[in-house]
Every structure is written in C-alpha cells, then in structure tokens.
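Trainee:
2 protein chains.
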Amino acid sequence: MASDYSSTPITLNDVNPKVLKCKYAIRGEILTHAQILYCNIGNPDSLGQKPITFFREVLALCDHPLIVDRSETKSLFSADSVEQAIQILDQIPVRATGLRDKIASGIEARDGFPGDPNDIFLTDGASPAVNSIDLQVIHIALTEVTERNSEMLTISVPSSSIQVHMMMQLLIGSENDGIPCPIPQYPLYSVSITLHRGTHISYYLDEESGWALEISEFENQLKTARSRGVNVRALVVINPGNPTGRVLAEANQREIVEFCRKEGLVLLADEVYQENVYAHDKQFHSFKNRSRSMGFGEKDISLVSFHSASKGYYGECGKRGGYMEFTGFRPEIREQIYKVASVNLCSNISGQILASLIMSPPKVGDESYKSFSAEKEAILSSLARRAKILEDAFNSLEGVTCYKAEGALYSFPRINLPGKAIKAAEEAKTAPDAFYARHLLNATGIVVVPGSEFGQRPGTWHFRCTILLQEDKIPAIVSRLTQFHKQFMDEFRG
Amino acid sequence: MASDYSSTPITLNDVNPKVLKCKYAIRGEILTHAQILYCNIGNPDSLGQKPITFFREVLALCDHPLIVDRSETKSLFSADSVEQAIQILDQIPVRATGLRDKIASGIEARDGFPGDPNDIFLTDGASPAVNSIDLQVIHIALTEVTERNSEMLTISVPSSSIQVHMMMQLLIGSENDGIPCPIPQYPLYSVSITLHRGTHISYYLDEESGWALEISEFENQLKTARSRGVNVRALVVINPGNPTGRVLAEANQREIVEFCRKEGLVLLADEVYQENVYAHDKQFHSFKNRSRSMGFGEKDISLVSFHSASKGYYGECGKRGGYMEFTGFRPEIREQIYKVASVNLCSNISGQILASLIMSPPKVGDESYKSFSAEKEAILSSLARRAKILEDAFNSLEGVTCYKAEGALYSFPRINLPGKAIKAAEEAKTAPDAFYARHLLNATGIVVVPGSEFGQRPGTWHFRCTILLQEDKIPAIVSRLTQFHKQFMDEFRG
Numbered sequence: 001m002a003s004d005y006s007s008t009p010i011t012l013n014d015v016n017p018k019v020l021k022c023k024y025a026i027r028g029e030i031l032t033h034a035q036i037l038y039c040n041i042g043n044p045d046s047l048g049q050k051p052i053t054f055f056r057e058v059l060a061l062c063d064h065p066l067i068v069d070r071s072e073t074k075s076l077f078s079a080d081s082v083e084q085a086i087q088i089l090d091q092i093p094v095r096a097t098g099l100r101d102k103i104a105s106g107i108e109a110r111d112g113f114p115g116d117p118n119d120i121f122l123t124d125g126a127s128p129a130v131n132s133i134d135l136q137v138i139h140i141a142l143t144e145v146t147e148r149n150s151e152m153l154t155i156s157v158p159s160s161s162i163q164v165h166m167m168m169q170l171l172i173g174s175e176n177d178g179i180p181c182p183i184p185q186y187p188l189y190s191v192s193i194t195l196h197r198g199t200h201i202s203y204y205l206d207e208e209s210g211w212a213l214e215i216s217e218f219e220n221q222l223k224t225a226r227s228r229g230v231n232v233r234a235l236v237v238i239n240p241g242n243p244t245g246r247v248l249a250e251a252n253q254r255e256i257v258e259f260c261r262k263e264g265l266v267l268l269a270d271e272v273y274q275e276n277v278y279a280h281d282k283q284f285h286s287f288k289n290r291s292r293s294m295g296f297g298e299k300d301i302s303l304v305s306f307h308s309a310s311k312g313y314y315g316e317c318g319k320r321g322g323y324m325e326f327t328g329f330r331p332e333i334r335e336q337i338y339k340v341a342s343v344n345l346c347s348n349i350s351g352q353i354l355a356s357l358i359m360s361p362p363k364v365g366d367e368s369y370k371s372f373s374a375e376k377e378a379i380l381s382s383l384a385r386r387a388k389i390l391e392d393a394f395n396s397l398e399g400v401t402c403y404k405a406e407g408a409l410y411s412f413p414r415i416n417l418p419g420k421a422i423k424a425a426e427e428a429k430t431a432p433d434a435f436y437a438r439h440l441l442n443a444t445g446i447v448v449v450p451g452s453e454f455g456q457r458p459g460t461w462h463f464r465c466t467i468l469l470q471e472d473k474i475p476a477i478v479s480r481l482t483q484f485h486k487q488f489m490d491e492f493r494g
Numbered sequence: 001m002a003s004d005y006s007s008t009p010i011t012l013n014d015v016n017p018k019v020l021k022c023k024y025a026i027r028g029e030i031l032t033h034a035q036i037l038y039c040n041i042g043n044p045d046s047l048g049q050k051p052i053t054f055f056r057e058v059l060a061l062c063d064h065p066l067i068v069d070r071s072e073t074k075s076l077f078s079a080d081s082v083e084q085a086i087q088i089l090d091q092i093p094v095r096a097t098g099l100r101d102k103i104a105s106g107i108e109a110r111d112g113f114p115g116d117p118n119d120i121f122l123t124d125g126a127s128p129a130v131n132s133i134d135l136q137v138i139h140i141a142l143t144e145v146t147e148r149n150s151e152m153l154t155i156s157v158p159s160s161s162i163q164v165h166m167m168m169q170l171l172i173g174s175e176n177d178g179i180p181c182p183i184p185q186y187p188l189y190s191v192s193i194t195l196h197r198g199t200h201i202s203y204y205l206d207e208e209s210g211w212a213l214e215i216s217e218f219e220n221q222l223k224t225a226r227s228r229g230v231n232v233r234a235l236v237v238i239n240p241g242n243p244t245g246r247v248l249a250e251a252n253q254r255e256i257v258e259f260c261r262k263e264g265l266v267l268l269a270d271e272v273y274q275e276n277v278y279a280h281d282k283q284f285h286s287f288k289n290r291s292r293s294m295g296f297g298e299k300d301i302s303l304v305s306f307h308s309a310s311k312g313y314y315g316e317c318g319k320r321g322g323y324m325e326f327t328g329f330r331p332e333i334r335e336q337i338y339k340v341a342s343v344n345l346c347s348n349i350s351g352q353i354l355a356s357l358i359m360s361p362p363k364v365g366d367e368s369y370k371s372f373s374a375e376k377e378a379i380l381s382s383l384a385r386r387a388k389i390l391e392d393a394f395n396s397l398e399g400v401t402c403y404k405a406e407g408a409l410y411s412f413p414r415i416n417l418p419g420k421a422i423k424a425a426e427e428a429k430t431a432p433d434a435f436y437a438r439h440l441l442n443a444t445g446i447v448v449v450p451g452s453e454f455g456q457r458p459g460t461w462h463f464r465c466t467i468l469l470q471e472d473k474i475p476a477i478v479s480r481l482t483q484f485h486k487q488f489m490d491e492f493r494g
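Heads up: the sequence lines are chains A and B, in that order. According to full-length UniProt numbering, the residues represented by the first sequence are 1 to 494, in order. According to full-length UniProt numbering, the residues represented by the second sequence are 1 to 494, in order.
1) Measure the alpha-carbon distance for Ala129(A) versus Gln163(A) and round it to whole angstroms.
2) Judging by CA-CA distance, which residue of Gln456(A), Arg457(A), Gln91(A), Phe488(A) is the nearest neighbour of Thr444(A)?
3) Restricting to runs no shorter than 3 residues, where is the beta strand (DSSP E) found entirely within the segment 243-279 of chain A?
4) At a CB-CB cut-off below 9 angstroms, which residues of chain A make contact with Glu427(B)?
5) Tell me the rounded alpha-carbon separation between Ile10(B) and Ser302(A).
6) Tell me which residue opens and which closes the alpha helix (DSSP H) that His307(A) is part of.
7) So, with DSSP's three-state summary, where would you put Ile238(A)?
8) Please determine, among Ser202(A), Ser192(A), Ser75(A), Leu248(A), the residue with the shortest C-alpha to C-alpha distance to Trp211(A).
9) Could you check where the alpha helix (DSSP H) with Thr444(B) kicks off and where it finishes?
10) Taking buried to mean at least 16 other C-beta atoms within 10 Å of its own C-beta, is Asn118(B) buried or exposed?
11) In the segment 403-435 of chain B, which residues sit with their C-beta less than 7 angstroms from some C-beta in chain A, listed in chain order?
12) Determine the direct distance from the alpha carbon of Arg330(B) to that of Pro182(B), and round the result to whole angstroms.
13) Taking Cβ positions only, does Phe113(A) come closer than 9 angstroms to chain B?
14) Taking the CB atoms as reference points, tell me whether Leu122(A) and Ala355(A) lie closer together than 9 angstroms.
15) So if I threshold CB-CB distances at 7 angstroms, which residues from the segment 277-297 of chain B count as touching chain A?
16) Could you check where the beta strand (DSSP E) with His200(A) kicks off and where it finishes?
17) In chain order, what residues of the same chain have a beta carbon less than 6 angstroms from the beta carbon of Tyr369(B), not counting five sequence neighbours either side?
18) Considering only their Cβ atoms, is the gap separating His200(A) from Tyr189(A) smaller than 9 angstroms?
19) Give a yes or no on whether 9 angstroms exceeds the smallest Cβ distance from Phe329(B) to chain A.
20) Report the rounded CA-to-CA distance for Val304(B) versus Pro51(B), giving the unit in angstroms.
21) Sort Met324(B), Ser452(B), Tyr314(B), Cys62(B) by Cα distance to Leu267(B) and report the nearest one.
22) Cutting at 8 angstroms between CB atoms, please list the residues of its own chain near Asp175(A), excluding the five before and the five after it.
23) Since Val478(A) sits in a beta bridge, which residues does DSSP pair it with?
24) Taking the alpha helix (DSSP H) that Tyr369(B) falls in, what are its first and last residues?
25) Is there a C-beta anywhere in chain A that falls below 9 angstroms from the one on Arg254(B)?
26) Give the single residue among Glu83(A), Leu222(A), Met166(A) whose Cα lies nearest to the Cα of Phe259(A).
27) Determine the DSSP secondary structure at Leu345(B), reduced to helix, strand or coil.
28) Less than 9 angstroms between CB atoms is the rule here; does Pro65(B) satisfy it with respect to chain A?
29) May I ask which residues mark the beginning and end of the alpha helix (DSSP H) holding Glu72(A)?
30) Per the DSSP calculation, Leu122(A) is bridged to which residue(s)?
31) Residues in the segment 209-230 of chain A with C-beta within 7 angstroms of chain B's C-beta atoms, listed in sequence order?
32) Can you tell me the Cα-Cα spacing of Glu255(B) and Ile107(B), whole angstroms?
33) According to DSSP, is residue 498(B) part of a helix, a strand, or is it coil?
34) Strictly under 9 angstroms for the Cβ-Cβ distance: is Lys319(B) near chain A by that measure?
35) Answer yes or no: does any C-beta atom of chain A fall closer than 9 angstroms to that of Ala34(B)?
36) Under 8 angstroms, with one C-beta from each stretch per pair, do the segment 451-470 of chain A and the segment 225-235 of chain A reach the 3-pair mark?
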C-alpha cells in the first residue's frame, strides 16, 4: 500500500520520534471490539444520561436570542429559563460579569458565606496535551476515552485542568517548589506539576479506613520534603475523592484547613464532584465554608476551589465549562493571577453560561423548579443505587474488596492478584492491574482504568470503574465481569 | 494593603518569575481608557455583528432536543434548521461521523473534487499557552484581546491553533526540522514551531506587488536553509493572507503546489478566511482544488487545510469550532495523525456542530435559504465597503501606504515614520511601530497591532487594523486616527 504513496514526502522516519513512541493503549485495543462498555470514565453523555431540561432551555435561548420574545417561546420554554436567558444575553455582548455574579451568589447560597464575582474565573475545557507530547500525559489521556466530545475516540480532559495548570504556572517557579497530592489521585495534578517542572510530593490516602486523609501523613511528607530542601507551596485535596469516592468528614476538613494555615500552604481544593454525594450520613461542604466557619477570612488563608460543569447531576461534559474561585491572595498576587488567566482562558460561551447555571439552578417558586428537582433527584438516586450495586458486586468477587463510593462517580475496588498473574504481568512488562484490565477488555470489552494510573500503595492493585453505567445494563455487565474474574483467577491462581 | 494579608503564604517573591516577567502590554494600557475601540482583532461579536440566524437555529435545537418535534417549533424555526438538527442529533450520542460527512460534502461542493470524512478532524479553540508561559506566546496572545469569549479581557486564540500545533507536533522531531512561514505572518505559526523546538524559516511577501508570494523567494530560502543542513519539512501558506489581506492568484497557487510537490514539502494551507474575499476580480480556491485540477491526487501531494468557524461571514469566535482536512499521507502516517489528534482534541460539541454547519449552509429551495443569503450578503458587502473606506483613509495619511484588502479581515498599512520617532522608540526600547501604536492607543483609545508582531522587512513599519469596525462608527474612528496621525507626525517630523 504505502508504496503507492512513494511520491508523498512524509514517511515514518520523518515523524517526530516522540509521537511514534507514545502509547496508543486503550484506543488500539478498543477498536478490536465490536461492543465496548466504557466503564472507565465519568461521561454521562456517552452512557445515555439525558441532560437537565432547564440548563438546555437556557442554552438554547442564548444560542438563538431572536426567539426570546416570541409568543410560541412561552409555550416551549419555562418562564424562568426565558428570564435567565434574557439576563445572560444582556451581559454577553459587553462583559459576562453577570455570569460571575450568578456564580458568586450561588457560592454564597451553598456556603452561607459571601462570594465575590472578582474571585471567579470562568474556564474552558482545554487540553493540557496541546503543547506537549509528554508520554505521561498521553498515556493518562488515553485512559480517558470519551465518545461524545468528538467524532473519533478522543480525550475527555476535565474543564478543571486549565484551572489546575493556571495555579501550577503561578506557584511553580523552580524544581524546588513542591506540591503534595493524594495517592491514589486523578493524575491531572501530578502531570501538571511535572509539566511545570515542579516537585510532585505524594501523600497516601488510607484505604483501610475507607480512603481517609490522615493529617499525620501530611506532616510526615511535609517534613521529609522540607528536609530535602523542597519549598512546599500548596496542598491538593480532592473532595469528593477521585478515584476513591471518599467524602471528607467535617472534622477532617477542619484539620486540613488548620494545617494549611499553620504551614502557610495554599489549599488547592478539587471540588468538581460537590453535587455527587450518595452516602446518607455524608454531605458536601466546601473548604471555603469550612474555613469561614472556623473564623478564617479572606486574609487568613489562601484557598482555590476548582469546579466543572462536566460532573454533578448535570454532567455536561460536551460543553466544556467550569470555574475557579480563589480567595485569600494579596492584591498584587491577584493581579498576577489575572495575568495568567488572561493568557490561558479562551472559554467557549456555552461552557461559561453553563458554569453559571449550575450555580444558579431553579429555585422554589420558579416554573421549572418541580421538573428540575425531579430530574436531578432521579439522576442522583439512580447513581446512589448503581454505586451500591457495583460495590456489592465487586465485594462478592474472589480477592476483591471495595469501599463504599460515598460520592464522585467511581468505584475503586482493590484486587489481590495471584502471584502467577503478577509474574505474568512482569513478563508482559506491564503493571499487574493493567494486565488484569487488559485481559478484562479483551475478554469482555469492558474498559476500566488500572489503579496504577492513579498511584497506589506499593504491592496493592486496583481498578477504577465509573458508576455511570446505565442502570438497566448493570446486571449484564456485572455477570460478564464476574464470569471473567472467575476465569482469570482460575487461570492464574497459584 | 498587602500587610493585611501578612498571614497568607504567597508573596510576589513566591510567584513563578516567568509569570512576573511576562508582558502585560495591551491589557494594562487599555484599562486606563474609558472608551476603547478594538481595531486590533477580527472578532465580529465584540464589534456588534449579529450572528447568522440559520446557524443559531440549528445550535439551539441541538442544545434542546426536546422541542424538535413540538408544533410551536415549526413556527419558531425554519424547516431546514429542524431537519439539520434532527440529522445531527441522530449522530451525536454515538459518534459524530455525520458532522464529518457534512464537512466532506461541503468541501466537495466547494472544490468540485471529492472530500473524504476520514480526512477531517474537528477541533476546538484551545489555548496554545496552556502549558507554556513562553513570553513570545503571551506577548502575541496579549495582542489578541477579545471581549466576548470571556468575562475579562482574554485571548482569542484561533480554533486553527490546535490544528497547527498538531501538525508541528507531527512534523518537528528535532531543531533540525525547518518550516518556512510567510513574513508578515499571523504569529501562530512561528510560535508553534518555536514551542515544538523546530527551526522557523522566514520567506518574505512582496509588499510592492500587493503582498504577492514569489516562488523565487521560496527557492532562495529553501536553498539557504538546506545549505545550513536544515531538513525542510513543510511550507506554510496563508490564503487569504493575514495580516496582508492578499488573495492568491490561480497561477501563483499552482506554482506553490508544483513547488511543494517537486521539493517534497507538506503544504500547510491556512484557509480560515476562505469566505472573506472582497476583491471583485478575486475568488477563493482551496489548494486542494488547485492541486486536484492540476491532476495531482491523494498520492501525489501532502496537503493540510486549516479552517475555523471564527472567521468568514459567520464569525462565531465564541463557539470555538474548526476543522482540519489532510490528504496525501501514507496510511501509517495517517495512523500517527489519528494518534496525535486523539491526544489533542477535546472539542466542545457546539463548536463541532458549527464547523459542520459552515460547510453545509442552506441550499436553494431550503426554507431559510433566502434570509440566510441576505444575511450573508449584507455582512460581506458591508465588509467590502469598510475595507475600501479604511484603505482610502490610510492612503490619505502622510507617509502611509495601504494595499487593498482583497480578503480576510484586516488592513495592513505601512507607515514611513520620521527619524525622530524611530529615535524616540529606540530610547523607549520599543519597535517604532509599537511606539506609534502605543501613542495611538493613549491618544485615542484605538487599539491596533504593530507590524513588528507579524514580522516585516527590516526598516519598514506597519500596523494591522481590523475591517470589522461597525460601519457607522468608521467615520468617527477615521477622523480620530487622522487627527492623531497629523499630531504625531508634527511632533516627530525631523
């Protein structure tokens, strides 16, 4: 074949070697399967979840302002959607400060403490891989395969990624600047730190206590890092946890706030799953709420909260919208953040609008309130059921233990793999859990993300499975998985 | 003030020095002005151009599928918009191959030669600055200030930028790989080559002949580069030209195709202004059309065409949509491009839909055809008028010569600055045309981009001014500019 192209200039020898080297993992294998079950990522779109009517009504009206005043519109759209759209459209041609106002009041309603529009940056879902063929990025990216965001298998980069990159850009000046991140961790943080040539410090979450976050672990890591001369700048906390699903307890959050304040660390809080809480005894509280309720104000603690429209009950991955709230920075630092932002942000408008809408949903008395609440409740209660079914299913497997997913969109079961499997993996030059995931994919078409992508205690193995699977399909998936697991264990049991 | 924040950790000394260093040019100055006229960039949104109804109808329906079948919808939306939306919605939950089909047939209709959906990549408007605080990027970025894409002054990065980055990623393996780009040039190309650590080769456009592109200039640059051991991989051509506004003549395009084929260069064709042609004696022809009409097929020449929904008569900057067509690559290279794409692309859905719509606009007989054509014609004829008014205005200024903007969205007048101004600029450690632009901004609030941002023949000075200014405002702008120019010349005339 290729010989036909003999007069075209580019051969494999001409291609950037880094491109040639980079892994093609998931995609290549997936294509060999007729039917694939994407259990690897939290993209509701590709898993059949219907969008929330209210959000889509407002977006449609903002896309096509000419119909806002038409009489037919009144019967097609709810009155509050029209009102929201009119408010937004008034703002957009000039500056979308109105969107930030909406978010600020949404934060205030959520936290019970004031929010300031000037603390809000609207961000887009930009790919951190654009300028970098960094293998780590690519490999991680390739574990995040999503259908709907593009016409081919492409990468679902969370809209919080650009927010994270901005903060790393700001905080990392040299290899000497270190930032602790949880292990296991959604790898965006470690990758971003690497890209900005900082020092990535790991702190381990405690699986035995359901992935709790131990302050003592921080203290040890901080001490070790400082003794190595590392200048520790900030602390990354993901709450609810990805991939662990842990929702932090109030006392724990207070410890973390106090720790950051005492040690002079910026608290970088990934709160993109704030609307995804399933445990009845748990509730989401922002770190801003926690710190303010402890009496710490704007001038006492530096806090950044990342949020995205791709998660929650709304799950609007395809709109690429999110925002970042930052408080507790000196005016001159705020100026620097503005500067970094003005270079990095180039957000699509629908994404910006959506980011403002998720923080200003219908309220009691609004025409769409009842249907909106019903849609939201239906999604969240279904997710809670799915989380429980998967948890039970995983716990019923030989050598598998799985803690309750209190929040977020994932189960993160631990697999105790037989020695023979670990040996076979070594021979195949791959991590044992990647070896397991590969076999699972080949045998069943089920895609999960190996725990080694997120980091884990040496000698432990996990995989991440989204709970977004269509509820009616779960039994079939579970039985395929169970059957595979039995065969795998039979094959490799020592 | 800052002392109040004494207990917050981050001081200016803690901030990434590169961030501190980076220029803040345009924005800082602009904020000092009550009334600003953005004459620097081609963003119709911020300059009051209304969106095309048909595109917005389809986008609105795709955002809110529930209303597609409602009877009220029939009276609110044109039948062909509804039909288009239904087609698109059928595709999206699965894979948006339908969008690429639309683009392929649009290309076929445009060129009279077949288009293949598999040659199309839908791309987003991603910021190339995300991973890089590269000063050059930032400085260029800051010359691209746009209002509507964000709630603060942010950067309008063309949706073609991610396409360019993909190709540079693919083609540049070492410092030894060189790619010639036009001078003057929209700096995306030089920046991308720099970011990917390749060798940027300049070829000069000939201002005296209205910014024509001389093959002899290519040949000289190619010879020089090769004699220096540079491996020349591709050739960048921007048609219609940015910032020059030149629309290439048919014969010239054929020479370029023949040159690339003979020399074994990939032809990277920036064709984002293909719908912006104003000269009555000129017409846009894609390089694909030219090469095919010369009898060169898929296997004879490697050709990449960049396109974006942010330009044209549609000018949908805020939607961040575009596509890239590439033909004439061996199957194994195509595989590599797929790989790079699957890492880089994370396109927002509205942007993808819009990219497909601009290539499949209403056709004769469609309900919306008449109104659509009227809107399109009104915009394009107004742009042609504005281009002429600005051309005449610039040519009436002392020491200023301006060639006709045959296409694209800019005038690029040349200013012969008096020696005293050049000397004053040297003392101010800035380029003479930047010095002029700065004075213009301070005196009038008019923002233009200095020619030194695009490159120009040594000793010549220019500035770029968009022709998108609201037609009714142009007389006022022209008189402010004329008055300023007179004062400037009086002040600095030798």
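Virtual Cβ for every residue (Gly too), placed ideally from N, Cα, C. A quick note: this is a predicted structure, and the numbers were derived from the prediction, not measured.
Mentor: In terms of the structure at hand:
1) The residue labelled residue 129(A) in the question sits at position 129 within the first sequence. The residue labelled residue 163(A) in the question sits at position 163 within the first sequence. The predicted model places Ala129(A) with a pLDDT of 31, which falls under 50 and marks its position as unreliable; any figure quoted below should be read in that light. Approximately 14 angstroms between the Cα atoms of the pair.
2) Along the first sequence, read from residue 1 onward, the residue named residue 444(A) stands at position 444. Nearest of Gln456(A), Arg457(A), Gln91(A), Phe488(A) to Thr444(A), Cα basis: Phe488(A).
3) 266-270
4) If you number the second sequence from 1, residue 427(B) lands on position 427. Near Glu427(B) there are no residues of chain A at all, since even the closest Cβ is about 27 angstroms away, more than 9 angstroms.
5) For the purposes of this step, residue 10(B) is taken as the residue at position 10 of the second sequence. For the purposes of this step, residue 302(A) is taken as the residue at position 302 of the first sequence. Ile10(B) and Ser302(A): Cα-Cα distance of roughly 8 angstroms.
6) Indexing the first sequence from 1 puts residue 307(A) at position 307. Where His307(A) is concerned, there is no enclosing alpha helix (DSSP H), although the beta strand (DSSP E) it sits in stretches over 303-308.
7) Counting from 1 along the first sequence, the entry for residue 238(A) is found at position 238. Strand at Ile238(A).
8) In the first sequence, residue 211(A) corresponds to position 211, counting from 1. If we check each option's Cα against that of Trp211(A), Leu248(A) comes out closest.
9) Stepping through the second sequence from its first residue, residue 444(B) is reached at position 444. Note, Thr444(B): alpha helix (DSSP H), 432-444.
10) Numbered from its first residue, the second sequence carries residue 118(B) at position 118. The residue is exposed, with fewer than 16 neighbouring Cβ atoms inside 10 Å.
11) none
12) Within the second sequence, residue 182(B) is the residue found at index 182, counting from 1. Within the second sequence, residue 330(B) is the residue found at index 330, counting from 1. So the alpha carbons of these two residues sit roughly 27 angstroms apart.
13) In the first sequence, counting from the first residue as 1, residue 113(A) sits at position 113. It does not; no Cβ of chain B falls within 9 angstroms.
14) What you label residue 122(A) is simply residue 122 of the first sequence in a count that begins at 1. What you label residue 355(A) is simply residue 355 of the first sequence in a count that begins at 1. Contact: yes.
15) none
16) Position 200 of the first sequence holds residue 200(A). From DSSP, the beta strand (DSSP E) with His200(A) extends over 199-204.
17) Working through the second sequence from its first residue, we reach residue 369(B) at position 369. Once the five neighbours on either side are set aside, the close Cβ partners of Tyr369(B) are Pro362.
18) Stepping through the first sequence from its first residue, residue 189(A) is reached at position 189. Stepping through the first sequence from its first residue, residue 200(A) is reached at position 200. Yes, these two residues count as a Cβ contact at 9 angstroms.
19) Indexing the second sequence from 1 puts residue 329(B) at position 329. Yes - at least one Cβ of chain A is within 9 angstroms of the one on Phe329(B).
20) Here residue 304(B) refers to the residue found at position 304 when the second sequence is read from its first residue. Here residue 51(B) refers to the residue found at position 51 when the second sequence is read from its first residue. Roughly 28 angstroms between the two C-alpha positions.
21) The sequence position of residue 267(B) within the second sequence is 267, counting from 1. For the residues Met324(B), Ser452(B), Tyr314(B), Cys62(B), the minimum Cα distance to Leu267(B) belongs to Met324(B).
22) Here the question's residue 175(A) lines up with position 175 in the first sequence. Looking at the sequence shown, residue 175(A) is not Asp but Glu. Arg197, Gly198, Thr199.
23) Here residue 478(A) is taken as the residue at index 478 of the first sequence, counted from 1. For Val478(A), which the question treats as bridged, DSSP gives no partner whatsoever.
24) For the purposes of this step, residue 369(B) is taken as the residue at position 369 of the second sequence. Counting along the chain, the alpha helix (DSSP H) containing Tyr369(B) begins and ends at 369-395.
25) The count along the second sequence starts at 1 and reaches residue 254(B) at position 254. No, because no Cβ of chain A sits closer than 9 angstroms to the Cβ of Arg254(B).
26) Within the first sequence, the letter at position 259 stands for residue 259(A). Nearest C-alpha to Phe259(A): Leu222(A).
27) Residue mapping note: residue 345(B) aligns to position 345 of the second sequence, counting from 1. At Leu345(B), the pLDDT of 48 sits below 50, so the modelled position is not reliable; the number obtained from the coordinates is stated separately. In the structure shown, Leu345(B) sits in coil (DSSP, three-state: anything other than H, G, I, E or B).
28) Taking the first residue of the second sequence as 1, we reach residue 65(B) at position 65. Yes, Pro65(B) counts as interfacial toward chain A.
29) Walking along the first sequence from the start, residue 72(A) turns up at place 72. Here the alpha helix (DSSP H) through Glu72(A) covers 71-76.
30) In the first sequence, counting from the first residue as 1, residue 122(A) sits at position 122. The partner list for Leu122(A) (beta bridge, DSSP) reads Tyr323(A).
31) none
32) Locating residue 255(B) in the second sequence gives position 255, where the first residue counts as 1. Locating residue 107(B) in the second sequence gives position 107, where the first residue counts as 1. The alpha-carbon atoms of Glu255(B) and Ile107(B) are separated by roughly 22 angstroms.
33) What is shown of chain B runs 1 to 494, which leaves residue 498(B) out entirely.
34) In the second sequence, residue 319(B) corresponds to position 319, counting from 1. Yes, Lys319(B) lies at the interface with chain A (some Cβ there is under 9 angstroms from its Cβ).
35) On the second sequence, residue 34(B) is found 34 positions in, with the first residue counted as 1. For Ala34(B), the predicted structure reports a pLDDT of 35, less than 50, and the residue's modelled location is therefore unreliable. A value from the coordinates is still provided. Chain A, which has no Cβ nearer than 9 angstroms to the Cβ of Ala34(B), makes this no.
36) no
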